[in-house]
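Enquirer: Residue 34 in our numbering is what sits at position 47 of the sequence shown, and the numbering runs on without skipping anything. Glycine residues also receive a C-beta, built at the ideal position from the N, C-alpha and C atoms. The structure follows.
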Amino acid sequence: MPVIKTYKYFGIDHLFVNVKNDVFVFTLLNEVGLEETFFANPWTLPSDIPQLLDDMRVESISYDAASIYPTVNFEQMNPKGFEEQAIVIQVWHSYREKLRRKAVVGSCVITDGVFDGH
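Written out as structure tokens, the structure reads:
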């Protein structure tokens, strides 16, 4: 039986998308509050989009030396069939696209040659 670890949801990256495999990039807070970034196995995504700092239960993490991030498998409280999970994946994809459309990239104009950080 796998050991389930609880992380806090800290966001899904909506600007970094690998077009080859369209993976989901999650930032989670571990038990001591440090940020960890993972690719998520889409077949284990939860049905509901969590709120900031909601618990996300992780069943396993797999590491691949060729990958920039490890892959997280979320605990499946109620395992779904292929078609049901495909709908869940589409909901997450729509959510990420909604965030991407709302994202604003700002700019800064320095007129006096000094940037004060504001």
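Around the C-beta of residue 50, are 16 or more other C-beta atoms found within 10 angstroms, so that it is buried, or is it exposed?
Expert: Exposed, since its Cβ has fewer than 16 Cβ neighbours within 10 Å.
Enquirer: CB residue 14 to CB residue 26, shorter than 7 Å?
Expert: The answer is no: Cβ separation not under 7 Å.
Enquirer: Hey, how far is the Cα of residue 10 from the Cα of residue 31?
Expert: Cα-Cα distance, rounded: 12 Å.
Enquirer: Would you mind stating whether residue 60 and residue 47 have Cβ atoms separated by less than 7 Å?
Expert: Closer than 7 Å, so yes.
Enquirer: Below 8 Å CB to CB, which residues in the same chain sit around residue 41 once its five sequence neighbours on both sides are set aside?
Expert: For residue 41, where only same-chain residues beyond five positions count, the Cβ hits under 8 Å are -5, -4.
Enquirer: Taking 7 Å as the threshold (C-beta atoms), are residue 29 and residue -1 in contact?
Expert: No.
Enquirer: In the DSSP assignment, the alpha helix (DSSP H) including residue 82 goes from what residue to what residue?
Expert: Residues 69 to 89.
Enquirer: Which term fits residue 83, buried or exposed, when burial requires 16 or more other beta carbons within 10 angstroms of its beta carbon?
Expert: So residue 83 ends up on the buried side.
Enquirer: Quick check: residue 85 and residue 45, are their CB atoms within less than 7 Å of each other?
Expert: Against a cut-off of 7 Å, the Cβ pair of residue 45 and residue 85 comes out as no contact.
Enquirer: Could you tell me which of 21, 58, 38, -10 sits nearest to residue 12, measuring between CA atoms?
Expert: Cα-wise, what sits closest to residue 12 is 58.
Enquirer: Would you report the Cα separation of residue 33 and residue 22, rounded to the nearest angstrom?
Expert: Roughly 20 Å separates the two Cα atoms.
Enquirer: First and last residue of the beta strand (DSSP E) that includes residue 46?
Expert: Here the beta strand (DSSP E) through residue 46 covers 42 to 49.
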